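> Sharing a structure, written as structure tokens. Questions coming.
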Amino acid sequence: MDPGHVTAQLSDLGVGAFGIDLSPKMIEVARRAHPGVRFTVGSMTALGLADASVRGLLAFWSLIHVPDDVVPAVLGQFRRVLRPGGPLLLGFHLGDGSRLKTQGYGGHPMKVTVHRRTADRMASWLDGAGFVVESQLLLNLDEALPGAILFAPRRS
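So in my numbering the end of the sequence shown lands on 599, straight run, no missing numbers.
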């Protein structure tokens, strides 16, 4: 999987999708792999989007590098930019604790902290930020690193 592939798939389906990443390098890679799809450098803690301007938000494994004390602020930004009733689809690693990751996909050196959370903990944060978890999918594609996807529309 390359950076921006899900955004590109959504764009190919006619969804007005665009991608945001904190890393200029990741944006560069996504733009090169998917010309014609909009990718922008930005932060989840301060989304440069107008209030209630987004119809849906996909955050697949985006919060895994966000410390616990910052997650509520990020979810607050997600709520702010989503229209009332707009869906949030959130994917993350299941578990407890954090670890330092020193090698990225393709063997590239990196130094980032990866946070695992329980589905209940994430659901609690979502509820506190103004979302309603309507469904969850638990993934066990890799026994060493299970995941979850939560579908949580924004409350009005």
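Yeah, the Cβ is synthetic: ideal placement off N, Cα and C, and Gly gets one too.
Since the structure is predicted, the reported quantities are computational estimates derived from the model, not experimental observations.
Which residues bound the beta strand (DSSP E) around residue 483?
Translated into positions along the sequence shown, residue 483 becomes position 40. Segment 481-484, the beta strand (DSSP E) holding residue 483.
> If distances are taken between C-alpha atoms only, which option among 593, 465 and 504 comes closest to residue 488?
The residue labelled residue 488 in the question sits at position 45 within the sequence shown. Of the listed residues, the one whose Cα sits closest to residue 488 is 465.
> Please classify residue 556 as buried or exposed, where buried requires at least 16 other C-beta atoms within 10 Å of its C-beta.
As a working note, residue 556 is residue 113 in the sequence shown. Result: exposed.
> What span of residues does the beta strand (DSSP E) with residue 514 cover, start to end?
Position 71 of the sequence shown holds residue 514. Where residue 514 is concerned, there is no enclosing beta strand (DSSP E), although the alpha helix (DSSP H) it sits in stretches over 514-524.
> Looking at the unbroken beta strand (DSSP E) that takes in residue 542, where does it start and where does it end?
As a first step, residue 542 must be located in the sequence shown, where it is residue number 99. It spans 541-546 - the beta strand (DSSP E) in which residue 542 sits, taken as one unbroken run.
> Look up residue 563 in the DSSP assignment and say whether it is helix, strand or coil.
To locate residue 563, count along the sequence shown from 1; it is residue 120. Of the three classes helix, strand and coil, the one that applies to residue 563 here is helix, per DSSP.
> For the alpha helix (DSSP H) containing residue 449, name the first residue and the last one.
Position 6 of the sequence shown, counted from the first residue, corresponds to residue 449. Here the alpha helix (DSSP H) through residue 449 covers 448-455.
> Going by beta carbon distance, what residues of the same chain come within less than 6 Å of residue 525, once the five residues before and after it are set aside?
Against the sequence shown, residue 525 aligns to sequence position 82. Excluding sequence neighbours, residue 525 sits near 497, 500 and 597.
> Would you mind reading off the limits of the beta strand (DSSP E) that contains residue 487?
Along the sequence shown, read from residue 1 onward, the residue named residue 487 stands at position 44. Per DSSP, residue 487 belongs to no beta strand (DSSP E) and is neither H nor E.
> Pull up the DSSP beta-bridge partners for residue 578, would you.
Translated into the one-based positions of the sequence shown, residue 578 becomes position 135. Answer by DSSP bridge pairing, in chain order: 594.
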